[in-house]
Amino acid sequence: MREKKMFVWENSLSKGCSKILFLFIFFSLILSNSVGNKEAYGSDDFFHEHQHEDEIPSGVMEAHTHSQGEWMTTYRYMYMDMPEHYSGTKKQTVDQVHNSFMISPVNMTMEMHMLGLMYGVNDEFTAMLMVPYLIKDMEHRRRSDSKQFSTQSQGIGDVKLSGLYSLKKYMSQPIHLNVGVSFPTGSINRKYDTLAGADQPLPYPMQLGSGTVDFYPGITYLDHKNKWSWGSQAISTIRFGKNDQKYRLGNEYKMTSWIGYKWQDWINTSFRIKGNIWGNISGEDSRLNPTMVPTADSNRRGGERVDLFFGINLIGQKGILSEHRVDLEIGYPVYQNLDGPQLGVGIQGTLGWQKAW
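Under this note's numbering, think of the first position of the sequence shown as 3, with each following residue one higher.
As structure tokens, this is what we get:
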């Protein structure tokens with residue numbers, strides 16, 4: 003059983019990582035042909051105006067503002083693997099989960115394709131739209147006969163509209179406020195065929211949205227000196243009301259800080275730390291049986307985690323690739339404390355592309 007579990011984990015991990023690395027190498031080869039210097043930007047003012055955004059790690063969103071009339075298109079591919087159970091800070095095996103539940107998750111992977119559009123309404127205020135497409139897979143094992151089965155859900159997630167307000171008018175520090183709202187466009191009614199029967203409602207982590215209107219207040223700080231750059235961001239997710247299935251996902255609080263180094267005008271690397279705390283679900287989906295599988299228990303969804311990331315950004319300098327940026331960031335948790343048993347995060351990665359005009 004241990005060998006089979008390792009095979010499932012390694013197979014899902016290799017698929018996600020290979021996608022990210024293949025695309026990053028492909029774009030790296032293209033951008034390597036456009037290496038130049040800052041004169042390719044057209045002016046020093048334009049160069050300094052865009053310098054901050056070129057140094058931001060791939061996994062940090064809503065981290066820079068734009069000048070009036072400026073647009074930016076972004077795409078991100080995100081991958082996350084969840085290979086092991088945690089209860090508190092201790093790992094648990096599938097057999098240990100089976101002591102309390104008839105069915106245990108074995109592994110889960112999540113992929114997300116995120117399209118974004120930013121627009122500088124004026125020099126102080128930038129608007130941003132983000133549209134996610136999610137793909138979720140989960141492997142399970144039944145206690146009675148050790149039979150394994152998988153479930154999947156995919157589709158549009160919750161669409162988010164954000165505003166970024168720069169405080170440079172009021173202070174010398176490069177700080178901006180983040181205010182966002184997401185709309186319940188992601189389904190909370192996904193079903194799948196399982197060993198319990200056809201067309202069964204999927205548990206909480208396999209749904210595509212929250213089902214509620216959610217508020218995202220935050221603050222972001224960016225700065226740089228010579229070839230060094232650094233920044234911090236704190237963003238919360240505050241959820242209101244309850245959805246159509248009579249539950250509300252827990253609030254979430256994220257804090258991240260990073261430092262980067264620009265080796266050349268076309269390449270920047272970064273190191274980042276991120277802390278994340280999220281609460282349990284309020285209410286419950288009456289269609290789910292919380293004694294059958296831990297993912298159906300609304301009191302086993304909260305937790306806290308600390309991740310470390312390494313990133314690299316490549317910036318096109320001339321010709322048709324000028325202003326194109328491709329970036330990659332890979333992360334791994336160094337601390338997890340979960341209301342378990344609950345699947346914890348393993349490796350995660352983000353591959354991004356952006357173009358301003």
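Here a beta-carbon is modelled for each residue, glycine too, at the ideal position from N, C-alpha and C. For clarity, every value in this text was computed on a predicted model and none was experimentally measured.
Using the rule of at least 16 other Cβ atoms within 10 Å of the residue's Cβ for burial, across every protein chain shown, is residue i buried or exposed?
i: N301; result: exposed
i: M173; result: exposed
i: T214; result: buried
i: K276; result: buried
i: P219; result: exposed
i: K229; result: exposed
i: Y334; result: exposed
i: K6; result: Caution applies to K6, whose pLDDT of 44 falls short of 50 and renders its modelled position unreliable; the value that the coordinates give is listed next. It is exposed - the Cβ of K6 has fewer than 16 other Cβ atoms within 10 Å.
i: A198; result: exposed
i: L340; result: buried
Pull up the CB-CB distance for residue i and residue j, whole angstroms please, since I reckon it's below 8 Å.
i: R274; j: P59; result: 5 Å
i: V328; j: W355; result: 5 Å
i: Q209; j: S155; result: 7 Å
i: H178; j: T76; result: In fact, because the Cβ distance is near 17 Å, the residues do not count as touching under 8 Å.
i: G188; j: D160; result: 4 Å
i: W268; j: Q319; result: 5 Å
i: E280; j: G243; result: Before going further, note that residue 280 is Trp rather than Glu in the sequence given. That pair is no contact at about 18 Å.
Looking at residue i: is its Cβ nearer than 8 Å to the Cβ of residue j?
i: M2; j: F103; result: Not covered by the structure: residue 2. The range shown for the chain is 3 to 359.
i: L360; j: M130; result: Outside the displayed span of the chain (3 to 359) sits residue 360, for which this structure offers no information.
i: I349; j: L330; result: no
i: M63; j: L345; result: no
i: P186; j: S164; result: no
i: N180; j: T222; result: yes
i: Y206; j: R78; result: no
Would you give the residue range spanned by the beta strand (DSSP E) that residue i belongs to?
i: N180; result: I177 to F185
i: K248; result: Note, K248: premise wrong, no beta strand (DSSP E); not H, not E.
i: V328; result: H326 to G346
i: W355; result: Q350 to A358
i: D139; result: F127 to R144
i: Y167; result: V161 to S168
i: I158; result: Q150 to I158
Exercise. Identify every run of the beta strand (DSSP E) within the segment 189–216, keeping only runs that are complete inside it and at least 3 residues long; order them along the chain.
Key: 193–196 and 199–203
Quiz item: Unbroken alpha helix (DSSP H) runs of length 4 or more, entirely within the segment 51–109: which are they?
Solution: 96–100
Q: Could you pull out every unbroken beta strand (DSSP E) segment of at least 3 residues lying fully inside the segment 235–315, listed in chain order?
A: 254–266 and 269–280
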